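Engineer:
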Amino acid sequence: MTDLKESLAAAPTLAIPPLPGKAVAGVSRLRSMVKHLLLIVASFVMIYPVLWLLVSSFRPTAVIFRTPGLWLNDLVFKNYSDGWFALSQPFGHYILNSAIVVIGAVAGNLIACSLAAYAFARLSFRFKTLWFAIMLLTVMIPIHVVLVPQYILFNNLGWVNTFLPLVLPKFLGTDAFFIFLMVQFIRSIPRELDEAARIDGCGHGRIFFSVILPLMGPALGTTAIFTFIWTWSDFFTPLIYLTNPNTYTVPVALKQFLDATSGSNWGALFAMSIVTLIPLFLVFLFGQRFLVKGIATTGGK
């Protein structure tokens, strides 16, 4: 038995010859081509509705749903001119309303959330962990739960049909997601910077504005981008608080193109939808580096 084991151990093993370098390169190239092909197909599926919306905005209303695909037979710019002046106010009026709400919401979130995040990340106070947990629990509360009490409150204050119900809550630190995002970012900043500033006689206010806030660029950029996108696209909240057509924001104004009793102006609706997508595209295009850097740095802690 021992001799058999020794014979098997001494027997030469069959080695599988490695693939030639060209074969390995070919397999790697094929794998890369398949991966990129799948990504291209997935990207096209994702972007196809936007492309169809863009093409349909240049089609006559009568043939929008008769002509499938992205092939454009007749180039019509009339949808844009008709859509701009189709409502009680020029469409630029509603864009201005949305811009006012968005600017206020972005400013409120940046100010309130950064201050609250600094308090949770750097200050010591009683029940801090409990308050932080309660704040995170508010993320799971649907907006419909607090809608009626908020509406009663704002109606008693005379704020219905104004932009205050859409903007003022942002200055009270109501977006727990952004507070959590900034807390994680501030925790990644070395405390030695705070201690050095404290040695120089700085208090918490000076440390926040002179040390912490200048380093929070990625987190602030991420907050600003998400707040812009969510506020600009918000339909439900303006629909509840804004009943005067002169105060409509863009999403509510787009709803006016749809008429259940008569024919809807689909061409004008699609044209103005493309117009409303332009600010979102520009903000994401120029702010994506802050978005990527902010998510990467806040997730590193």
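Numbered by our numbering, the letters in the sequence shown go through residues 38 to 338 in order. Even for Gly, the Cβ is constructed at its ideal location relative to N, Cα and C. As the structure is a computational prediction, the values presented were derived from the model and not from experiment.
Kindly indicate which residue of Ser-125, Leu-160, Tyr-85, Thr-104 has the alpha-carbon position closest to the one of Gly-242.
Structural biologist: Leu-160
Engineer: Hey, would you say Phe-364 sits closer than 7 angstroms to Val-320, going by beta carbons?
Structural biologist: A query on residue 364 cannot be resolved here, the shown segment of the chain reaching from 38 to 338 and no further.
Engineer: For a test of the three-state rule: what should DSSP assign to Cys-239, helix, strand or coil?
Structural biologist: coil
Engineer: Determine the contact status of Phe-272 and Pro-288, defining contact as a CB-CB distance below 7 angstroms.
Structural biologist: Annotated as proximal: Phe-272 and Pro-288, with beta-carbon spacing under 7 angstroms.
Engineer: Taking just the CA atoms, how far does Leu-295 sit from Lys-338?
Structural biologist: For Lys-338, the predicted model reports a pLDDT of 47, less than 50, meaning its position is unreliable and no value from the coordinates is stated.
Engineer: Going by C-alpha distance, which of Leu-317, Thr-313, Phe-307, Leu-74 is nearest Phe-114?
Structural biologist: Phe-307
Engineer: Rank Asp-212, Trp-196, Leu-205 by C-alpha distance to the C-alpha of Leu-174 and give the top, closest one.
Structural biologist: Asp-212
Engineer: At the level of alpha carbons, what is the spacing between Phe-95 and Ala-79?
Structural biologist: 26 angstroms
Engineer: Where are the alpha helix (DSSP H) runs, 4 residues long or more, that stay fully inside the region 254 to 286, in chain order?
Structural biologist: 254 to 270, 273 to 278
Engineer: If we define contact as Cβ-Cβ less than 7 angstroms, is Thr-98 a contact residue for chain C?
Structural biologist: The structure shown contains no chain C; it is built from a single protein chain.
Engineer: Give the single residue among Leu-109, Phe-191, Ala-136, Leu-209 whose Cα lies nearest to the Cα of Thr-90.
Structural biologist: Sequence check: residue 90 is Leu here, not Thr. Closest by alpha carbon: Leu-109.
Engineer: Distance check for Ile-249 and Ala-256, CA to CA, integer angstroms please.
Structural biologist: 11 angstroms
Engineer: Taking only the alpha-carbon atoms, compute the straight-line gap between Gly-210 and Ala-144 and give it to the nearest angstrom.
Structural biologist: 11 angstroms
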